[in-house]
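A.B. asks: First the structure, then my questions, so here it is.
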Amino acid sequence: MEAIPVLWRGTWILGAASIILLGIGLYAVSGVPDEETQGIAARLLFVHVPSVVTAYLALGIGVLGALGYLVRRWGWADLVSAAAIEIGVVLTALTLWTGMMWGRLVWSVWWDWTDARMVSTAVLFFLYIGYLALRRSIDDSHIRATRCAVLGTVAFVQVPIVHYSVLWFRTLHQGATLIRPDVANATMDTEYSGPLGLTIVAFITLFALLITLRLHLARTELFITRAAREASTPVGAAVTAPRSRSPV
Amino acid sequence: MKGPGLLPQVAWVIRKNLAIERRSGETFWMVTPFAALALMLAPLAISTDTALLRRIGPGMLWLVLVLFGLGVALRPSAGESRSVRDLAALCGLDPAARFLGNSLGAAILLIAVTLILTPVMIVLYAPGGNPAWGWLILLAGTGAVSLGLLGSLIGAVVTGLRTRTSLAPLLALPLAVPVLVATTRGTESALSRRSSISWVLLLVAMDLALAVVGVLLAGTLDNTPPTD
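Chains as they are written, first to last, in my numbering: chain A, 6 to 253; chain B, 578 to 805.
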């Protein structure tokens, strides 16, 4: 029987790095002056943008894992895909929530239909909620991995739609500031972009920690499932003492 | 011995699905009247203001078509039992042919439903106009094919699952948003006698993309048997 999975040693380093980077990020953000027109609401940027960037990263890893399973049938790729998408869904929810809070403070409304990115992000969120629901609905690991890989691959099409919605549609949301075709013409002041970069790195480190922990949990789940299956298989009894299924 | 090619197999699946529909009459005697009733009741819930109804008419038509049409498109693949799939595999039916057959079979039914519901919408929501019928027919065709392909793809993902009736709409609806937007905007243009070419082209591009994805993944999905 295989050994109980142990937590990867690097997890502790990732945990410490996450705490330190989040602390430094928080310190850096506390020194940023209020924005001219938005006031204190602009500080939501330091949670909103890192969460959406990390959500893109998570969903990107999710689709790579899905393709890894579809093309090469790597079992670990399915686990990585599922773990990344789970965290991606939480980060997408955080993105939506901080965006809505910002909207309430600056536009006086929680929701605006003319904001194409807000609407497309909500669609993305529900699409991946469906992915998680599909995962919960299937017990067999092979069937679950295949069908979720298909859905994970198709669903990822929505990510570029969300990102480029601000360029493709007339929208209230501001244009792309960080990931844009003309990256040399960035429009953000350096006193904002420095702390923002720090918080993005902190969020990515936190994501690395969370995915490591989620994968450890997944491996432990697999171990328990296999151990339970082995324990319930009466190999010896079946070979040495065959019995009729019908009651005597 | 070499079996029939892809196209005859697709035609066989379409004929099979249309024969099932002819016997049950589910789409024409249940889904279509229900969808027409939904179109009729919506103004009672929203407003009977003529100007507002004219504005929301195309959106209501395609929202109803997406909601009801996805049900029609999901049915053949999501409802297939293990024995039916095993029999199809034993007969040498190509999974890609089954996917295309199910999609196009659903699309044919949905084109007919759309062509019935569009005049209903015009009478109830936008009377007195002179719409561009050519564009409306093209939108019905391309939109129905999109819904058929999407429904068959998601149907194959949820086939045999105990939770498929709740899960399938949750998975299919967010993916149907581009279809909803394109068909609604296209219908708005057609009602005011403007060209809907950009929306029709967008729908054709989506149809092609969905067909390629579905054909490529049909074999993979077919190798995972239903859990029933």
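Built from N, CA and C at the ideal position, the CB exists for glycine as well.
Look at the alpha carbon of Met105 (chain A) and the alpha carbon of Ile134 (chain A), and state the distance between them as a whole number of angstroms.
C.D. replies: For the purposes of this step, residue 105 (chain A) is taken as residue 100 along the first sequence, with counting starting at 1. For the purposes of this step, residue 134 (chain A) is taken as residue 129 along the first sequence, with counting starting at 1. Distance between the alpha carbons of Met105 (chain A) and Ile134 (chain A): 19 Å.
A.B. asks: Run the CB neighbour count on Leu50 (chain A), radius 10 Å, all protein chains shown included, and call it buried at 16 or more, exposed below.
C.D. replies: On the first sequence, residue 50 (chain A) is found 45 positions in, with the first residue counted as 1. The residue is buried, with at least 16 neighbouring Cβ atoms inside 10 Å.
A.B. asks: Please report the Cβ distance between Gly725 (chain B) and Ala749 (chain B), rounded to the nearest whole angstrom; I am assuming they are in contact, meaning their Cβ atoms lie under 8 Å.
C.D. replies: Indexing the second sequence from 1 puts residue 725 (chain B) at position 148. Indexing the second sequence from 1 puts residue 749 (chain B) at position 172. Gly725 (chain B) to Ala749 (chain B), Cβ: 11 Å. No contact.
A.B. asks: Suppose only complete runs of 4+ residues qualify. What are the alpha helix (DSSP H) ranges in the region 686 to 737 of chain B, listed by chain order?
C.D. replies: 710 to 735, all fully within the region 686 to 737 of chain B.
A.B. asks: Got a sec? Which residues, its chain only, sit under 7 Å from Asp626 (chain B) by beta carbon, not counting five neighbours each side?
C.D. replies: Counted from its first residue, the second sequence places residue 626 (chain B) at position 49. Nothing listed; no residue qualifies.
A.B. asks: DSSP three-state label for Glu40 (chain A), please.
C.D. replies: Here residue 40 (chain A) is taken as the residue at index 35 of the first sequence, counted from 1. Three-state result, Glu40 (chain A): strand.
A.B. asks: Out of A:Leu27, A:Gly28, A:Cys153, point me to the one whose CA is closest to Arg78 (chain A)'s CA.
C.D. replies: As a position in the first sequence, residue 78 (chain A) is number 73, starting the count at 1. With distances taken between Cα atoms, Arg78 (chain A) lies closest to A:Cys153.
A.B. asks: Excluding the 5 residues preceding and the 5 following Asp805 (chain B) in the sequence, name in chain order all residues of the same chain whose CB lies nearer than 7 Å to its CB.
C.D. replies: One-based indexing of the second sequence puts residue 805 (chain B) at position 228. At Asp805 (chain B), the pLDDT of 46 sits below 50, so the modelled position is not reliable; the number obtained from the coordinates is stated separately. Only Ser658, Arg659, Gly737 meet the Cβ criterion.
A.B. asks: Please state the DSSP three-state secondary structure of Arg631 (chain B).
C.D. replies: Counting from one through the second sequence, the residue named residue 631 (chain B) turns up at place 54. Helix, per DSSP.
A.B. asks: Classify Pro610 (chain B): buried if its beta carbon has 16 or more other beta carbons within 10 angstroms, exposed otherwise.
C.D. replies: Here the question's residue 610 (chain B) lines up with position 33 in the second sequence. So Pro610 (chain B) ends up on the exposed side.
A.B. asks: Apart from the five residues just before and just after Val114 (chain A), which ones in its own chain have a Cβ nearer than 8 Å to its Cβ?
C.D. replies: On the first sequence, residue 114 (chain A) is found 109 positions in, with the first residue counted as 1. Taken in chain order, the residues that qualify are Gly108.
A.B. asks: Classify Val789 (chain B) as helix, strand or coil using the three-state DSSP reduction.
C.D. replies: Along the second sequence, one-based indexing puts residue 789 (chain B) at 212. In the structure shown, Val789 (chain B) sits in a helix (DSSP, three-state: H, G or I).
A.B. asks: Thr740 (chain B): which of A:Arg140, A:Val162, A:Pro165 sits nearest, CA to CA?
C.D. replies: By 1-based counting over the second sequence, the position of residue 740 (chain B) is 163. Per the Cα distances, A:Arg140.
A.B. asks: With Ile92 (chain A) and Ala63 (chain A) assumed to form a contact (beta carbons below 8 Å), what rounded beta-carbon distance in angstroms separates them?
C.D. replies: Stepping through the first sequence from its first residue, residue 92 (chain A) is reached at position 87. Stepping through the first sequence from its first residue, residue 63 (chain A) is reached at position 58. The pair is a contact, with the Cβ atoms about 5 Å apart (cut-off 8 Å).
A.B. asks: With a cut-off of 8 Å, does the C-beta of Leu748 (chain B) fall near any C-beta of chain A?
C.D. replies: Walking along the second sequence from the start, residue 748 (chain B) turns up at place 171. Interface residue, yes.
A.B. asks: Could you name each continuous alpha helix (DSSP H) segment of 4 residues or more that falls completely within the region 71 to 126 of chain A, going from the start of the chain to the end?
C.D. replies: Within the region 71 to 126 of chain A, the complete alpha helix (DSSP H) runs of at least 4 residues are 80 to 111.
A.B. asks: Work out the CA separation of Ala207 (chain A) and Leu31 (chain A) for me, nearest whole Å.
C.D. replies: The sequence position of residue 31 (chain A) within the first sequence is 26, counting from 1. The sequence position of residue 207 (chain A) within the first sequence is 202, counting from 1. Cα to Cα, the separation comes out at about 10 Å.
A.B. asks: I'd like to know if Asp805 (chain B) contacts chain A, where contact means its C-beta is closer than 8 Å to some C-beta of that chain.
C.D. replies: Start at 1 with the first residue of the second sequence, and residue 805 (chain B) comes out as number 228. Because the pLDDT at Asp805 (chain B) is just 46, under 50, the model does not fix this residue reliably, and the value given afterwards should be weighed accordingly. Not closer than 8 Å to any Cβ of chain A, the Cβ of Asp805 (chain B) fails to qualify, so no.
A.B. asks: Against chain A, with Cβ distances strictly below 8 Å, would Val789 (chain B) count as a contact?
C.D. replies: For the purposes of this step, residue 789 (chain B) is taken as residue 212 along the second sequence, with counting starting at 1. By this cut-off, Val789 (chain B) is not an interface position.
A.B. asks: Can you confirm whether the region 206 to 226 of chain A touches the region 8 to 27 of chain A when touching is taken to mean that 3 or more C-beta pairs between the two stretches lie within less than 8 Å?
C.D. replies: Flag = yes, the region 8 to 27 of chain A and the region 206 to 226 of chain A touch.
A.B. asks: Could you give the first and the last residue of the continuous alpha helix (DSSP H) run that contains Asp663 (chain B)?
C.D. replies: Locating residue 663 (chain B) in the second sequence gives position 86, counting from the first residue. Element bounds for Asp663 (chain B): 659 to 667.
A.B. asks: Quick one: grab the DSSP three-state call for Ile18 (chain A).
C.D. replies: Translated into the one-based positions of the first sequence, residue 18 (chain A) becomes position 13. It is helical.
A.B. asks: Note the first and the last residue of the continuous alpha helix (DSSP H) segment covering Ala46 (chain A).
C.D. replies: Counting from 1 along the first sequence, the entry for residue 46 (chain A) is found at position 41. Premise fails: Ala46 (chain A) is in no alpha helix (DSSP H) and is neither H nor E.
A.B. asks: Since Val643 (chain B) meets chain A, which of its residues come closer than 7 Å, beta carbon to beta carbon?
C.D. replies: Within the second sequence, the letter at position 66 stands for residue 643 (chain B). Residues of chain A passing the Cβ test: none, with the nearest at roughly 13 Å.
A.B. asks: So, at 6 Å on beta carbons, what are the nonlocal neighbours of Ala71 (chain A) in its own chain, with the 5 sequence-adjacent residues on each side left out?
C.D. replies: As a position in the first sequence, residue 71 (chain A) is number 66, starting the count at 1. The residues are Ser86, Ala154, Gly157, Thr158.
A.B. asks: Work out the CA separation of Gly73 (chain A) and Leu99 (chain A) for me, nearest whole Å.
C.D. replies: The residue given as residue 99 (chain A) occupies position 94 in the first sequence. The residue given as residue 73 (chain A) occupies position 68 in the first sequence. Those two C-alpha atoms are separated by around 28 Å.
A.B. asks: Just by C-beta distance, which residues in the region 75 to 97 of chain A are closer than 7 Å to chain B?
C.D. replies: Residues Leu75.
A.B. asks: Pop quiz: Ile731 (chain B) and Ala745 (chain B) are said to be a contact at Cβ under 8 Å. What is the actual Cβ separation, rounded to whole angstroms?
C.D. replies: For the purposes of this step, residue 731 (chain B) is taken as residue 154 along the second sequence, with counting starting at 1. For the purposes of this step, residue 745 (chain B) is taken as residue 168 along the second sequence, with counting starting at 1. Yes, Ile731 (chain B) and Ala745 (chain B) are in contact; Cβ-Cβ is about 6 Å, under 8 Å.
A.B. asks: Report, in whole angstroms, the separation of the C-beta atoms of Thr719 (chain B) and Val777 (chain B), which I expect to be a contact under 8 Å.
C.D. replies: To locate residue 719 (chain B), count along the second sequence from 1; it is residue 142. To locate residue 777 (chain B), count along the second sequence from 1; it is residue 200. Indeed they touch by this definition, with Cβ atoms about 6 Å apart.
A.B. asks: Go through its chain and collect everything with a Cβ distance to Glu598 (chain B)'s Cβ below 7 Å, but skip five positions before and after it.
C.D. replies: Position 21 of the second sequence holds residue 598 (chain B). Correct list, in chain order: Thr604, Leu686.
A.B. asks: Would you please state the rounded distance, in angstroms, between the beta carbons of Leu52 (chain A) and Thr103 (chain A)? I believe it to be under 8 Å.
C.D. replies: Your numbering for residue 52 (chain A) matches position 47 in the first sequence. Your numbering for residue 103 (chain A) matches position 98 in the first sequence. The identity of residue 52 (chain A) in the sequence shown is Val, whereas the question assumes Leu. About 5 Å separates the two Cβ atoms, so the contact holds.
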